[in-house]
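Report on one structure; see the data block that follows.
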Amino acid sequence: MAFSPSRCLFLSTLILGITISISSNSWFGAWMGLELNLLSFIPLIFMKDNQYSSEAALKYFLIQALGSTVLLISAVMIMMKMQVFSAPLSAALLLKAGSAPFHFWFPPTLEGMMWPQALVLMTIQKITPMSLLSYYIEDQMMLISVAAMMSAVVGALGGLNQTLLRKLLGYSSINHMAWMMSALLMSESMWLLYFAVYSVMSFSVVMLFHFTQTFHFNHLLNHIPPGSAVKMVMFMSLLSLGGLPLFTGFVPKWIVIQQLCWSGYFFLLSILLSSSLFTLFYYLQVTLSSLALSSAKTKWSIKVALKSKLVIMALFVNMVGLLIPSAAYIFHN
């Protein structure tokens, strides 16, 4: 994403919209922030060298406009003491976040974006809906639990037959939404911890894909030189994003697992753990195909010079998790 003055302006107003929404003391103020966020993100989606960006922007606008309409009508009805509309309000927020069962727009829209915009959609754009959900989570515990279970199943099964990496990470994001909603059931601080680690893991994976211009399984063979350290770092980044012990991505899952056990959410926990096995399977499918197979250099192969700082940063971020259990043991004793 080229940081032209206009893009910096829209990025600033996007962050401003998030700030307005999460700091507002009324649903009308939250709606205003959501609309500012929406109108700021759409120009960021458009790219001259991406022929599908206009389609992705239109899909995103229609879905978010629908969610905003339902949210505003539900908020007005709640202000009129019609509490039955709290469920449609939650559904509107789940639609905006791309959670199951309102996930149908998320992977196709993600597929039409370039990697930086996809990263924003998978991370930053989830802050406002999840924060608004946390404000009245006590009234919607059952709905959030059902949505978490559905997101875990959809995210796990939807990515099994994907060969397009953006759709694969889209279904992975839906699966991580299940873990974030489960963390939200425990406490807001736990959700913030999970979201922070997920955002860092996603950043390390997406930036590696972006700088190598990797969008498909085949690109893993042709866009990255054989024997390159980038493949190993990408391998570890994907496993960390999948939550494999003892990488960094496992640490927030570990904490959520403990809290769900103590709170008695055993059925929800069993679904989350089962779905994690499927997500690890398709991450392994990506990484092993790039490591085990080797292809001859072709004329149309893309030569990419990755900055060594990016590779070192991604390696460090994903290996920090190896030190946390030891540090926790030392601190406990």
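Position 157 (the sequence shown) corresponds to 156 in numbering that gives the first Met the number 0; numbering is contiguous.
Glycine is no exception: its CB is placed at the ideal position from the N, C-alpha and C atoms.
key: Straight-line gap, residue 46 to residue 52 (C-alpha atoms, nearest Å)   = Computed Cα separation, rounded: 6 angstroms.
query = Count the other CB atoms within 10 Å of the CB of residue 162; is the residue buried (16 or more) or exposed (fewer)?
reply = Label assigned to residue 162: exposed.
key: Distance, residue 256 Cα to residue 337 Cα   = Past the edges of the chain, shown from 0 to 332, lies residue 337, and the structure says nothing about it.
message = For a test of the three-state rule: what should DSSP assign to residue 175, helix, strand or coil?
response = Three-state result, residue 175: helix.
query = What is the C-beta distance between residue 91 and residue 70, in whole angstroms, given that I count them as a contact (C-beta under 8 angstroms)?
reply = Cβ atoms of residue 91 and residue 70 come within 8 angstroms of each other, at about 4 angstroms.
query = Going along the chain, which residues of its own chain have a beta-carbon closer than 8 angstroms to the beta-carbon of residue 152, five neighbours each way excluded?
reply = Contacts found: 99, 270 and 274.
query = What is the rounded straight-line gap between the Cα of residue 22 and the Cα of residue 126?
reply = Distance from the CA of residue 22 to the CA of residue 126, rounded to the nearest whole angstrom, comes to 12 angstroms.
ask   = Residues bridged to residue 215 by DSSP?
value = Assignment of beta-bridge partners to residue 215 by DSSP yields 163.
message = My output table needs one value for residue 79: the three-state DSSP class, helix, strand or coil.
response = Residue 79 falls in the coil class under three-state DSSP.
Terminal residues of the alpha helix (DSSP H) in which residue 201 lies = Where residue 201 is concerned, the enclosing alpha helix (DSSP H) stretches over 187-210.
task = Could you name the residues of the same chain whose beta carbon sits closer than 6 angstroms to that of residue 258, not counting the 5 residues immediately before and after it, in chain order?
result = Only residues of its own chain outside the window of five on either side were considered, and among them 185 have a CB closer than 6 angstroms to the CB of residue 258, listed in chain order.
message = Taking only three categories from DSSP, how would you classify residue 244?
response = Here residue 244 sits in coil by DSSP.
query = Which value, in whole angstroms, describes the spacing of the CA atoms of residue 188 and residue 149?
reply = Straight-line measurement puts the Cα of residue 149 at about 23 angstroms from the Cα of residue 188.
message = Contact defined as beta carbons within less than 8 angstroms: I believe residue 27 pairs with residue 74. What is the distance between those atoms, to the nearest angstrom?
response = Here residue 27 really is in contact with residue 74; their C-beta atoms are around 7 angstroms apart, less than 8 angstroms.
message = Three Cβ pairs or more, each shorter than 8 angstroms: is that satisfied between the region 204-221 and the region 105-120?
response = Touching, yes.
key: Classification of residue 159 by the beta-carbon crowding that lies within 10 angstroms, buried from 16 upward   = Classification of residue 159: exposed, given that the 10 Å Cβ count is below 16.
query = Could you give the distance in angstroms between the alpha-carbon of residue 110 and the alpha-carbon of residue 166?
reply = C-alpha separation (whole angstroms): 6 angstroms.
task = Kindly indicate the opening and closing residues of the alpha helix (DSSP H) around residue 146.
result = Where residue 146 is concerned, the enclosing alpha helix (DSSP H) stretches over 140-157.
ask   = CA-CA distance, residue 283 and residue 178?
value = Residue 283 and residue 178 have their C-alpha atoms roughly 20 angstroms apart.
task = Reducing DSSP to helix, strand and coil, say where residue 169 ends up.
result = Reduced to three states, the DSSP call for residue 169 is helix.
query = To the nearest angstrom, how far is it from the Cα of residue 168 to the Cα of residue 67?
reply = Cα to Cα, residue 168 sits roughly 25 angstroms from residue 67.
ask   = Using DSSP with H/G/I as helix, E/B as strand and the rest coil, what is residue 112?
value = DSSP, reduced to helix, strand and coil, places residue 112 outside both helices and strands of the structure shown, so it counts as coil.
key: Limits of the alpha helix (DSSP H) - the one that residue 47 falls within   = Residue 47 -> no alpha helix (DSSP H), and no H or E assigned at all.
request  = Would you check if the distance between the CB atom of residue 41 and the CB atom of residue 106 is smaller than 9 angstroms?
outcome  = No, the Cβ-Cβ distance between residue 41 and residue 106 is not below 9 angstroms.
query = For residue 285 versus residue 247, is the C-beta spacing smaller than 9 angstroms?
reply = Going by C-beta atoms, residue 285 is not nearer than 9 angstroms to residue 247.
Residue closest to residue 96, alpha-carbon to alpha-carbon, out of 140, 147 and 82 = Minimum Cα distance to residue 96 is reached at 147.
query = Given that a residue counts as buried once 16 or more other Cβ atoms are within 10 Å of its Cβ, and exposed if not, what is residue 262?
reply = With fewer than 16 other CB atoms across the displayed protein chains lying within 10 angstroms of its CB, residue 262 is exposed.
query = Can you tell which of 164, 129, 249 and 176 has the C-alpha that lies nearest to the C-alpha of residue 215?
reply = Comparing Cα positions, the closest option is 164.
task = Out of 37, 245, 281 and 80, state which residue places its alpha-carbon closest to the alpha-carbon of residue 61.
result = Ranked by Cα distance from residue 61, the options 37, 245, 281 and 80 are led by 37.
key: Run of the alpha helix (DSSP H) containing residue 125, from where it starts to where it stops   = Secondary structure note for residue 125: it is in no alpha helix (DSSP H), with a DSSP letter that is neither H nor E.
query = Exposed or buried, what is residue 128 when buried is set at 16 or more other beta-carbons lying within 10 Å of its beta-carbon?
reply = The Cβ neighbour count for residue 128, taken over all protein chains shown within 10 Å, is at least 16; the residue is labelled buried.
Burial state of residue 182 (16 or more Cβ within 10 Å) = It is buried - the Cβ of residue 182 has at least 16 other Cβ atoms within 10 Å.
query = So what's residue 104 in DSSP terms, helix, strand or just coil?
reply = Assigned with DSSP and collapsed to three states, residue 104 falls in coil, not helix or strand.
ask   = Buried or exposed: residue 3, going by 16 or more other Cβ atoms within 10 Å of its Cβ?
value = Of the residues assessed, residue 3 falls on the exposed side of the cut-off, its CB having fewer than 16 other CB atoms within 10 angstroms.
query = Is the distance from the Cβ of residue 192 to the Cβ of residue 254 below 9 angstroms?
reply = Yes, the pair counts as a contact, with Cβ atoms nearer than the cut-off.
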